[in-house]
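For reference, the structure discussed in these notes is given below.
2 protein chains.
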Amino acid sequence: MPGSSSPPFSAESYFATQPPPPGLEQDIAGVKEFVKRQTEEGRKIVLVTSGGTTVPLELNVVRFLDNFSAGTRGATSAEYFLKAGYAVIFMHRQFSLQPFSRHYSHSTNPFLDFLEIDRGPTSQEICVTPSKREDLLQVLALYKAVQAAGTLHTLTFVTVNDYLWLLRAVSQELSTMKRKAMYYLAAAVSDFFLPRQKMSEHKIQSGKGSLHIEMDQVPKILKPMVEDWTGKDGYIVSFKLETDQSLLIPKAQAALRRYGHQVVIGNDLNRRKFEVVFISWKSPKATISEVDSNLNPESRENSFEESWLRIDITDSNQEIEENIIAELVKRHTVWVGEPESAAAP
Amino acid sequence: MPGSSSPPFSAESYFATQPPPPGLEQDIAGVKEFVKRQTEEGRKIVLVTSGGTTVPLELNVVRFLDNFSAGTRGATSAEYFLKAGYAVIFMHRQFSLQPFSRHYSHSTNPFLDFLEIDRGPTSQEICVTPSKREDLLQVLALYKAVQAAGTLHTLTFVTVNDYLWLLRAVSQELSTMKRKAMYYLAAAVSDFFLPRQKMSEHKIQSGKGSLHIEMDQVPKILKPMVEDWTGKDGYIVSFKLETDQSLLIPKAQAALRRYGHQVVIGNDLNRRKFEVVFISWKSPKATISEVDSNLNPESRENSFEESWLRIDITDSNQEIEENIIAELVKRHTVWVGEPESAAAP
């Protein structure tokens, strides 16, 4: 087994040594059925991953390493994909935000605040505060329409191990859709993990001085995802979040070069609500091997284009995800090879 | 500054070296006003802490260590304290469960599922699914009554540093209530932290092999809380969560001996929903110094009593917090020195 002094885990050695989460088979069965039905009904499907992953430090989990993410990007994006006519597999961290209910966070906009009790002479009725009625009606109508159409399928993960097993399985199921599948990887995935074989069974006891944790690197799964799991046909969008803005573009370009997928959306931690940058290949249909054979390393830098999306931060009615999804739907349409007019739902 | 090779942080050196969270002064002002009003209105106050604390690894936080806790124990307990006539300061981890709205988790019981759109000929109305009406009406009535009485004050923390500063400040404000204040410390607080001075400013870059984290111990704050912050008069209840049940009683007794507070509620990670144990001094009114002077170390073990609370796990309508709070209200009444009949709200 790889360790800190051994070579890092590859995707292959990871899945060979780390146990699958319980419930994986049932999750796969659900996805299989969803993909089949959406295919029959002629919809494109997007897999949206959302929220942070945990790294448990103990087998009986009390402590874990986590990544900052409320799941806002993923939940909001899923909603706009649904509006655009996509079927959505929403694979999210347990308790992170979800499409539709995200508008009514228990902390910032608790729904109990806009329900009222109407006390009549003989009975009590629950009604909605008039000023909140229009907004709720809109969200509720969309939610019910999506439920009726059956276009949203939700999956839950907690640990980075759940995430990796689920991502591989869902990608393999979705690969039957070929170019009609999009993969929108908005989850904040840990770069490090603690192999099962190194975990302590019980709660780590304090009182013994300082805590030392030594973790292994999570294998880079984008390359096997592009080349094997999705058979090079999936339209794959990954995210790069940095706090040091100067690293954003070079790291996004490096990711495209290394993994050969279609788009990296770069965002700065403090500007991500109103500014993102799309980094992509200049020729969107170029496959990795074409690019590899046509370009020497120096001219490769010229093969990327960057395109910035910004919204007015003072307008609270705008959500940048609306623009992100509109742009991606356009690009995906080109990728699928359909005429653009056929892309509307 | 203490470090892993230096002596551990004391509460004193902690607060002298770690910066207070922004917003602390405003939080204190709010608590001051709340305590003043509740005192005037003759209510007892309980501080309920709830949810896990994070330990950021970076200044621009992307990664953090966390403790497992949805905040169920704290949110449920706060609700029963409110029902028992207490005023509640609910100091909880951002996004953890809250009293009342906890019944409608977006994951397990999303409220959008039991709202319906009633489409009339000229207008649309939102109404509640009949089967859900009674339960919602009950929760909503309690929620509105608490809002009208102004007996719930909510504070939010994220990091263990937020938690420590807030706990000290709130305890100091509450200490003016003397024995009428209870402190119910249900939050899952990290035992370790990374001193501000050791944090990396930007996101720790991966790709450089394995991750090594070395953390310092969080100072034990129960002793200064008992002796200084609350002036030995507060009725302080702490929790001990273990995964190894054999450690529960000895560790709970050790905590009482070390800190001199009133009750430790012990719970096993896997049995905590239906079984807890109260560990307390045999003579509930004994102060630390009386115990210290009257007992030699050997006979001290005889000075504790343990009392188990269990509920029927097959009855989903029972919540063990109802029994925990009923027991604590009784004990607190004795502590305050009131006749028991005066304890009801």
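Chains as they are written, first to last, in my numbering: chain A, 104 to 448; chain B, 104 to 448. Glycine included, each C-beta is placed from N, C-alpha and C at the ideal position. Predicted model only: the values in this text are computed from it and were never measured.
| query | result |
| --- | --- |
| Residues, ordered as in the chain, of the region 250-266 of chain B that lie near chain A by beta-carbon distance below 8 Å | Thr259 |
| Under 8 Å between C-beta atoms of Lys283/A and Val151/A | no |
| Chain A contact for Pro213/B (CB, 8 Å cutoff) | yes |
| Under 8 Å (Cβ pairs) to chain A, residues found in the region 329-349 of chain B | Leu344, Glu345, Thr346 and Asp347 |
| Min CB distance Asn163/A to chain D below 8 Å | Although the question refers to chain D, the structure presented lacks it and instead comprises the protein chains A and B. |
| Boundaries (first-last residue) of the beta strand (DSSP E) holding Tyr287/A | Ala284 to Leu288 |
| Beta-carbon gap between Lys247/A and Ile229/B smaller than 8 Å | no |
| Trp384/B versus Val366/B - alpha carbon distance | 8 Å |
| Members of the region 216-247 of chain B near chain A, C-beta cut-off 9 Å | Asp216, Leu218, Glu219, Ile220, Gln227, Glu228, Ile229, Cys230, Val231, Arg236, Leu239, Leu240, Val242, Leu243, Ala244, Tyr246 and Lys247 |
| Proximity below 8 Å, CB of Thr175/A to CB of Phe167/A | no |
| Proximity test, Cβ basis, 8 Å: Ser210/B and chain A | yes |
| Three or more C-beta pairs below 8 Å linking the region 314-321 of chain B and the region 284-295 of chain B | yes |
| Whole-number beta carbon distance between Val340/B and Ile368/B, since they are thought to touch under 8 Å | 6 Å |
| Min CB distance Leu431/B to chain A below 8 Å | no |
| Nonlocal neighbours in the same chain, by C-beta distance under 6 Å from Pro400/A, ignoring five residues either side | Note that Pro400/A scores a pLDDT of 49, beneath 50, so its modelled location is shaky and nothing firm can be said. |
| Glu422/A - DSSP class collapsed to helix/strand/coil | coil |
| Own chain, CB closer than 8 Å to Arg140/A, minus 5 neighbours either side, in chain order | Gly253 |
| 8 Å Cβ cutoff met for Tyr489/A and Val149/A | In the structure displayed, chain A extends from 104 to 448; residue 489/A sits before or after that span and is not available. |
| Complete beta strand (DSSP E) runs within the region 139-210 of chain A (minimum length 3 residues, chain order) | 148-153, 166-170 and 190-196 |
| Simplified DSSP assignment, three categories, for Ser392/B | Bear in mind that the predicted position of Ser392/B carries a pLDDT of just 49, short of 50, making it unreliable; the figure below should be weighed with that in mind. The answer is helix: DSSP assigns Ser392/B an H, G or I state. |
| Simplified DSSP assignment, three categories, for Phe112/B | coil |
| Residues near Ser113/A in its chain [Cβ-Cβ closer than 7 Å; skip 5 each side] | Pro322 |
| Residue-chain proximity (Phe295/A, chain B), Cβ-Cβ < 8 Å | yes |
| Proximal residues, the region 167-181 of chain B versus chain A, C-beta separation under 8 Å | Phe167, Leu168, Asp169, Asn170, Phe171 and Ala173 |
| Distance between beta carbons of Ala178/B and Pro202/B, contact taken as under 8 Å | 5 Å |
| Cβ-based burial, Phe187/B [other Cβ within 10 Å; buried from 16] | The amino acid occupying residue 187/B in the given sequence is Ala; Phe does not appear at that position. Per the 10 Å Cβ criterion, buried. |
| Whole-Å CB distance - Phe137/B paired with Arg196/B, under 8 Å assumed | Actually they are not in contact, since the Cβ atoms of Phe137/B and Arg196/B sit about 20 Å apart, beyond 8 Å. |
| Close-in-space but distant-in-sequence residues of the same chain around Tyr117/A (CB under 6 Å, 5 per side omitted) | Pro322 |
| Chain B within 8 Å of Ser392/A, Cβ atoms only | With a pLDDT of only 49 at Ser392/A, under the threshold of 50, the placement of this residue in the model should not be trusted; the figure read from the coordinates follows. Cβ-Cβ to chain B under 8 Å: no for Ser392/A. |
| Environment of Gly334/B [buried if 16+ CB atoms lie within 10 Å] | exposed |
| Closer than 7 Å: Arg236/B CB and nearest the ligand SAH heavy atom | No copy of the ligand SAH appears in this structure; indeed no ligand is present at all. |
| Selection from Arg222/A, Ser226/A, Pro233/A and Leu200/A that minimises the alpha carbon distance to Gln227/B | Pro233/A |
| is_contact[Leu372/A, chain B] using C-beta, thresh 8 Å | yes |
| Chain B contact for Phe198/A (CB, 8 Å cutoff) | yes |
| Distance, Arg205/A Cα to Lys281/A Cα | 31 Å |
| Under the three-state DSSP convention, the category Ala251/A falls into | helix |
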